[in-house]
Amino acid sequence: MKTNDRKKYLQKRRKNKILVAITQVFILIAFLGIWEWMANKEIIDSFITSQPSRIWATLTNLGANDLVHHIQVTTYETVVGFLLGTTLGIVIAIILWWSNFLAKVADPYLVVLNSLPKVALGPIIIIWVGAGTQAIIVMAIAISLIVTILENLNGFLRTDENLIKMAKTFKATKFQILTKIILPANISTFISSLKVNIGLSLVGVISGEFLVSKAGLGYLIVYGGQVFKLDLVMTSVIILGVLAGIMYGIVVLLEKCILNSKKFK
Amino acid sequence: MEKILEVKNMSKIYQTPKGEIKALENINFKIKAGEFVSIIGPSGCGKSTLLSIISGLEEKTEGEIFIQGKKVEGISKEIGYMLQKDCLLEWRTIWSNVMLGLELKGIKSKESNEYVKNLLQKYNLYEFKDKYPQELSGGMRQRVALIRTLAIKPKILLLDEAFSALDYQTRIMVTNDIYNILRKENITALIVTHDISEAISMSDRVIVLTKRPGTIKDIHTMEFEEEERNPISCRESPKFSKYFNTLWKELGVDENK
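Protein chains in written order, with my numbering: chain X, 36 to 300; chain B, -6 to 250.
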C-alpha cells in the first residue's frame, strides 16, 4: 500500500519531469518558429541566417547535394579515428603502466603534447601522410590519443593498492595483475574514455575536413560558407549535431550493456 | 608442539631519498603449530612491515625466517595473508572470488574445487556463490576473503589489521567467527592489530613491540580457564581486564617517553 504522502511525492516527481520535457520541446519549437517568422517578415536576412523551411528543403533534397555520401564519409572517418585513437591510447597506457621508467620518461612529453592544440599539427599531418582521408583520420587520432593515454594511465595507477597487494600474496605475476585486477577494475575508466573520445574524434574529423577534404560534413560546411550557401551550412551543422548525438547514444547503450552484464556498482 | 615459524635476528632498514629508516631491529620469536599470536605496538612501529616480510611481500635487510624448519625466501606457499580490507573483486561472483588464489597460482583442480565447495558449505556461504560481493554484509565478505585464503591450504595465516575496517559489533562477531574457523581448520595465526582487546581475546601469546625501530619489548602468555575459549567468552573472563591493564601500561609508557 502506498501512503498518501508517497503518492503525492511520486506525482510531483512525474509532473516535474513532464514539465521539463515540455519546456525543452517548447523552446525548440519557439526558436524555430521565431526564426522562420523573422525570416519571412524579412526582419533578418535569410540569405545570411538561412531559415528552417529552407533547411528542411535542403534536407529532403538529399540527392542534390549528395548529402548521404558526405554523411557516410564523416561517419567513417570518425569511427575509424575513434576506434584507432581509443585502442592505441589504451595500449600505450598499459605499456606506461607496465614500465614505471617509461612512464616517468614520457611524462613531460605527454603534458606538453596534451596542451598543444592539435589543429596546429594539421599542415604537418597533411604533408606527412598526404592530403586525403588518411590525414583526417590521423587528425582525429591526434586529438583523442594523448587524453586517452593520460586518462587511462591515471585510472590504472589509482587502482586500489590493496587489491594488488592481495593478488601479490597469491604470487600473481605482473601480467596476471594487469589482466585480473587492473583492467577489470578500470572498466569505468574505459567507458568514460569512449564517451570523451567520440566527441573528440568528431572535432578532429571536422577540423581535418576543414583543412583538406573532398567530401564530408566538414567539407560541406566550408564549401557552403565559401559560396555563401548558408542553407547548406546550417543543414550540415544540424546533421552533424544529430550524428554526434547518435554516436554518443551508441556509446551510452554499450555502457549499459557492459554494466548490466557485469553487475558493477 | 613443534614450532612452525621462526624469525631469527630479523632487521629491516628502508632506503628513502631522505635517508635510511630503521623499521625493525633484531626481531626473534618462534610460533608453535596451532598457536595464535598477536603483535601489538604503537602505530608506526613496523608491525605491518614485520608481517609483510614474513609473507615474502617485502625484502628483509637482515636475518632469517624458517617455516617448519626450512629457510624461506620470497612468498611461501605455506602462508596465507589477510589484509585490512576484504579486497573482494566486485566484478566477480563469490565463487570466482574464492577461486582467485588458486587461479593466480595456476593450481585449480577437481580436488581444489571440491575443497573450496566444502569450505563454502561448512561456513554457510555456498548458497551465495553466484552472488556478487556488494550483495553481502561486511561480516560475510570477510568470511569470503578468509575462504579465498584458506583455499590455497596455508599452514600459517597472517592477519594484518584484518578486522579494522568493520564497525564495532560486526567486528566482534567476525573475530569470533574467524577464530572458530581457524581453530577448526587447525591453522596457526599471526595477528597484527592495534586493538589490545582483540589481541587478548584472540591469542595464546601477545608480542609487544617498541616504537620505531621496532624491537620486541615483551611477550605475554594469555591463559584463560575456559575449556572452550573463544574471543567473546574471553572478554567476560576476570583475567581479561588484568591482561588489558598490563598491555595498556606497556604500550602507554612508551608513548610518554
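Quick reminder that beta carbons are idealized off the backbone N, C-alpha and C, glycines included. Everything numeric in this text was worked out from a predicted model, so none of it was measured.
Collapsed DSSP secondary structure at residue i in the structure displayed
i             : result
residue 104/X : helix
residue 249/B : At residue 249/B, the pLDDT of 49 sits below 50, so the modelled position is not reliable and the matter cannot be decided from this model.
residue 142/B : helix
residue 248/X : coil
residue 86/B  : coil
residue 210/X : helix
residue 125/B : coil
residue 67/B  : coil
residue 118/B : coil
residue 114/X : helix
residue 299/X : A caution first: residue 299/X carries a pLDDT of 49, below 50, which makes its placement in the model too unreliable to give a value.
residue 93/X  : helix
residue 269/X : helix
residue 239/B : helix
residue 50/B  : coil
residue 153/B : strand
residue 201/B : strand
residue 4/B   : strand
Environment of residue i [buried if 16+ CB atoms lie within 10 Å]
i             : result
residue 164/B : buried
residue 18/B  : buried
residue 249/B : Below a pLDDT of 50, predicted positions are generally treated as unreliable, and residue 249/B, at 49, falls in that range; no measurement from the model is reported.
residue 123/B : exposed
residue 300/X : At residue 300/X the pLDDT is 42, less than 50, meaning the model places this residue with poor confidence; the figure from the coordinates comes in the next sentence. With fewer than 16 Cβ atoms within 10 Å of its Cβ, residue 300/X is classed as exposed.
residue 72/X  : exposed
residue 45/X  : exposed
residue 41/X  : exposed
residue 48/X  : exposed
residue 155/X : exposed
residue 202/B : buried
residue 112/X : buried
residue 51/X  : exposed
residue 241/B : exposed
residue 132/B : buried
residue 194/B : buried
residue 224/B : buried
residue 99/B  : exposed
residue 270/X : buried
residue 72/B  : buried
residue 84/X  : exposed
8 Å contact criterion, which residue i and residue j should meet: CB distance rounded
i             : j             : result
residue 282/X : residue 233/X : 5 Å
residue 181/X : residue 145/X : 6 Å
residue 158/B : residue 108/B : With a Cβ gap of about 27 Å, residue 158/B and residue 108/B do not count as contacting.
residue 152/B : residue 215/B : Not quite, the Cβ-Cβ distance comes to about 16 Å (not below 8 Å), so this is no contact.
residue -3/B  : residue 181/B : 5 Å
residue 3/B   : residue 53/B  : 6 Å
residue 262/X : residue 245/X : Actually they are not in contact, since the Cβ atoms of residue 262/X and residue 245/X sit about 15 Å apart, beyond 8 Å.
residue 147/B : residue 81/B  : Not quite, the Cβ-Cβ distance comes to about 18 Å (not below 8 Å), so this is no contact.
residue 200/B : residue 58/B  : The pair is not a contact, with the Cβ atoms about 15 Å apart (cut-off 8 Å).
Proximity test, residue i beta-carbon vs the ligand ADP heavy atom, cut-off 7 Å
i             : result
residue 224/B : Among the ligands in the structure shown, none appear at all, so the ligand ADP cannot be discussed.
Member of the options whose CA lies at the smallest distance from the CA of residue i
i             : options                    : result
residue 176/X : 49/X, 257/X, 119/X, 98/X   : 119/X
residue 55/B  : -3/B, 7/B, 26/B, 38/B      : 7/B
residue 97/B  : 240/X, 208/X, 257/X        : 208/X
residue 14/B  : 39/B, 50/B, 142/B          : 39/B
residue 255/X : 109/X, 58/X, 141/X, 292/X  : 109/X
residue 150/X : 288/X, 179/X, 104/X        : 179/X
residue 260/X : 214/X, 82/X, 287/X         : 82/X
residue 213/X : 195/X, 227/X, 292/X, 244/X : 195/X
residue 236/X : 253/X, 217/X, 220/X        : 253/X
residue 47/B  : 70/B, 179/B, 232/B, 116/B  : 70/B
residue 274/X : 95/X, 137/X, 131/X         : 95/X
residue 224/X : 70/X, 192/X, 37/X, 267/X   : 192/X
residue 105/X : 265/X, 296/X, 294/X, 249/X : 249/X
residue 175/B : 23/B, 16/B, 28/B, 11/B     : 28/B
residue 244/B : 189/B, 168/B, 222/B        : 189/B
residue 171/B : 83/B, 36/B, 112/B, 207/B   : 112/B
residue 272/X : 53/X, 295/X, 238/X         : 238/X
residue 206/B : 36/B, 192/B, 83/B, 23/B    : 36/B
residue 210/B : 173/B, 92/B, 22/B          : 22/B
residue 160/X : 125/X, 242/X, 286/X, 220/X : 242/X
residue 169/X : 153/X, 148/X, 240/X, 74/X  : 240/X
Beta carbon proximity, residue i to chain D, threshold 8 Å
i            : result
residue 48/B : This model lacks chain D altogether, as its protein chains are X and B.
Taking only beta carbons into account, state which residues of the stretch 181 to 205 of chain X come closer than 9 Å to chain B, listed in chain order. 195, 197, 198, 200, 201, 202, 203, 204, 205
Listed from N- to C-terminal order along the chain, which residues in the stretch 209 to 234 of chain X have their beta-carbon within a distance smaller than 8 Å of any beta-carbon of chain B? 211, 215, 216, 219, 220, 222
Where the stretch 87 to 105 of chain X meets chain B: residues whose CB sits under 7 Å from a CB there: none
Interface positions of the stretch 89 to 111 of chain B facing chain X (Cβ-Cβ less than 8 Å), listed along the chain: 93, 94, 96, 97, 98
Please name the residues in the stretch 47 to 77 of chain B whose beta-carbon is closer than 9 Å to at least one beta-carbon of chain X, in chain order. 48, 49, 50, 67, 68, 70, 72, 73, 74, 75, 76, 77
Closer than 9 Å between beta carbons: that is the criterion. Which residues of the stretch 129 to 147 of chain B meet it against chain X? 138, 141, 142, 145
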